[in-house]
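Reading through the structure tokens given below for one structure.
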Amino acid sequence: MWGKVVKGNSFDSAAWWTAAGERFQSRAPCKAAHVASAVRAVIINIFEVAVMHEMTLLINIAVALVAAFFGGLAARRLALPPIIGYMLAGIAIGPSTPGFVGDLNTISQLAEMGVIFLMFGVGLHFSLGDLWRVRNVAIPGALGQMLLATLLGVALARLWGWSTASGLVLGFSISIASTVVLLRGLMDNGLLNTPHGQAAVGWLVLEDLATVFILIVMPSLAATGAGFDWLNLGATLLKAGLFVLLLMFVGQKLIPWLLLTIAHTKSRELFILATLALALGTALGAAQLFGVSLALGAFMAGILVGRSPLSHQVGADLLPFREAFSVLFFVSIGMLVNPGYLVDNIGSVLVLAVLIMIGKPVITMLMGLIFPWPARTALVVSAGLSQIGEFSFILGQAGMSLNFINRDQYSLILAGALCSITLNPAMFRLILPAERWLQGHPALWRALNRHGTAPPAVEESIADHVVIVGFGQVGRYIVTVLGQMRIPHLVVETDAARVEELGRLKVPTLFGDAANSEVLEHAGLNRARTMVVTVPEEAAAEMIVSATRSLAPSLPIIVRAATDHGVQRLADLGAQHIVHPQMEGGLEIVRHTLLQLGFPMREVYRYADAVRRERYDSGRDGVTDHRVLNELIGAVNSIEITWITLSPGNALAGGTLEDAAVRSRTGASVVALQRDRNLIANPNSSTVLMPGDRVGLIGESEQLEAAEKLFTSGGVTL
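Mapping to the UniProt record's numbering: the sequence shown position 505 is 505, numbers consecutive.
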């Protein structure tokens, strides 16, 4: 039908409308359906014509991103990871569902960049030190769990009649957990910076290394019955080893030097281009010159860049690219899912989901009986790794490209991922009930918990405290002061280096993004005295204030604002005390300036308070309270206040204010006295003057000059 629409390279509008009418009539048996079918026909035709006019790339990117946006938004509304929404968006525009069908080849090529950026990010944040600190748990646990899970996958695949190679792909895929999902789960539950969470992260680091190795050796697996190709495996490992050695010896100095050189040009555009070229160029060079996977090249490039002092800036600059192309990667994964096959094989889907969500945790808990791990560590690791995700997708795609598995088998792996990722938050919520159940069975609890009782979670061990979000320059001062005053406090911080510093200082800390996760639910807000938000980003502060107000409606909130408009928005969201650092700094400078010029201190403070009321309370855009300013200007013409220090050896020292007779001698009046950081307002006549006292006096200029001579001269006699 649609072949009549395009004749050569020209578009026949009459044929287009005729075809649309035919589709309209064929699909609309009732009046209500006529409208829906017509609208749908028009949309489909527009996309088809756009594709025919060689707009394939643009249309596919636009549709994939728009569909992913709505899918991700819906997933977050349902408190699910956005990955679920992205994959469902891919299913919606895939060839197995009605409606617009995206070009899988086009989106898959873009998704390859997502794989590169994902593996580059893994290398960028890879740390052997982190792995070594939890080696007693991570090394035997990860290797043992991956081996047993792979064997279970192979056994299940053989039960389904799959080949051994297909079974290995299935086993590898279910043995590796998702980095994104694990970190999000740990962060949302306040576990990321606990010993149990760190053990899970170290476990994941080792799985990432294993993934890279598996991707290297997979081409050497025999796709036929000829047996394993050891010669091919040896050649593959040799080429990979040469690539790693070359990159380590040459790139270890070249890449950090190159980044520093580009940074000295003071051009952010060049710096971003350099990092993109390093990530993509190294990955493609590894594939083309050494025949190894793109993933290995990107991973090694990330490790080398991570050794540069500019690694944090590289990570920040590449984050938007990584997120965007990762979304396309997940969309492309969803496009490969065949819903019809999954419905027809729902039993297999459920069996695989049970193996991932129950089988893997059971393996971990059984290993906890063998190795001396704390029981809570085994429970946290079991919950965190009871899912599969992006690395399983990468392994599955590699298996498809090598013809080890077909598209329907890959759909089954993806269905297992969807189920396990969707239910993973519930697995974290089962940690405490499972721990209580185990404690109710003393023999089992003693067998699992050979390290004694685990320390309580942060939110369970603190009360009547101050919650501080952000440990930057402002937050650091607050933590220092509260620590000196021995006021309980808890810090929520998203920077790993600062979290480590807080750990060394023994400050209770939750590692997570308070603006973009559920970590605040574990800060004990209902038991806190106040919340202090010090993050400089105003949008993040607004999200934190909004979340806090919903969790603890009566909790006082002190927040930092970045703009005048932000003051009003934060107040509307429920913040009671808002501080605008730029305005406060300006007022402090004004205060010093006016006092230096001789303006009365009381009037200066009154003026500053008026400005604060005007900005914070009313939200107006004015700069000053003109009435108070005019009163301030008028006050200086009639009366002044000044502080005079009683000099050592002065004859007034040791006598009382009544003996000094300051008012009768000079005309000035003593209104305050400061001694050893203690302020005495309106001292009485019996107050004894001591050397070094600072005496506050008010009066006219001539009177204050006479008083200054009286207090600073050493030869005055009574």
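Where a beta carbon is used, it is the ideal one built from N, C-alpha and C, also for glycine.
These figures come from a predicted structure and were not determined experimentally.
Looking at the DSSP output, Q409 bridges to nothing.
In this structure, the CA atom of L318 is about 12 Å from the CA atom of I116. Excluding sequence positions up to five before and after T530, its CB lies within less than 8 Å of the CB of V466, V467, L555, P556, I557 and I558, all in the same chain and listed in chain order. Here S392 is not near M427, since their CB atoms are 9 Å or more apart. In this structure, I388 lies near I174, with their beta-carbon atoms less than 9 Å apart. When only Cα atoms are considered, A571 and R504 end up about 36 Å apart. Looking at the DSSP output, F511 sits in a beta bridge with E493.
Taking each of A92, L192 and G347 in turn and checking the Cα distance to V63, the smallest one comes out for A92.
Rounded to the nearest whole angstrom, the CA to CA distance from L587 to R606 is 12 Å. A707 is the residue among V688, I107 and A707 whose C-alpha sits nearest the C-alpha of T666. Per DSSP, G699 is one residue of the beta strand (DSSP E) stretching across R694 to G699. Runs of the beta strand (DSSP E) lying entirely within the UniProt domain "RCK N-terminal" (463 to 579) and spanning at least 3 residues, in chain order: 466 to 469, 489 to 493, 509 to 511, 530 to 533, 557 to 560 and 577 to 579. Under the three-state reduction of DSSP, W162 is assigned to coil, being neither helix nor strand. With respect to the C-alpha of N338, the residue from T494, V349 and F329 having the closest C-alpha is V349. A561 counts as buried, since no fewer than 16 other beta carbons sit within 10 angstroms of its beta carbon. A residue is called buried once 16 or more other Cβ atoms fall within 10 Å of its Cβ, and A200 is buried on that count. In the structure shown, A672 falls within a strand segment according to DSSP collapsed to helix, strand and coil. Note that the stretch 185 to 195 touches the stretch 515 to 528; at least 3 beta-carbon pairs, one per stretch, sit closer than 8 Å. In the structure shown, I93 adopts coil according to DSSP, grouped into three states. Judged by DSSP in its simplified three-state form, N678 adopts strand. The beta-bridge partner set that DSSP reports for I644 consists of V695.
With a cutoff of 9 Å on beta-carbon distance, A463 and R527 are scored as near each other. T282: member of the alpha helix (DSSP H) spanning R268 to F290, first to last residue. With a beta-carbon spacing of about 17 Å, S420 and L336 fall beyond the 8 Å limit used to define contacts.
Rounded to whole angstroms, the separation of the alpha carbons of G167 and A155 is 7 Å. In this model, T642 and K709 are separated by some 13 Å (Cα to Cα). Going by C-alpha positions, S669 is about 7 Å away from V662. A contact is defined here as three or more CB-CB pairs under 8 Å, and the stretch 246 to 260 fails this definition with respect to the stretch 205 to 214. Residue pairing from DSSP places V688 in a beta bridge opposite T656. Comparing alpha carbon positions, the residue from G202, L573 and T494 closest to A552 is L573. Within the same chain, Cβ atoms closer than 7 Å to the Cβ of R76 are found at P82, the five residues on either side in sequence being excluded.
For D208, the enclosing alpha helix (DSSP H) stretches over residues P195 to V217.
Inclusion of T56 and T97 in the CB contact set at 9 Å is not warranted, their separation being larger than that value. Counting other Cβ atoms within 10 Å of its Cβ, V579 reaches 16 or more and is therefore classed as buried. At a Cβ-Cβ threshold of 9 Å, T282 and L242 do not count as neighbours. In the three-state reduction of the DSSP assignment, L143 falls in the helix class.
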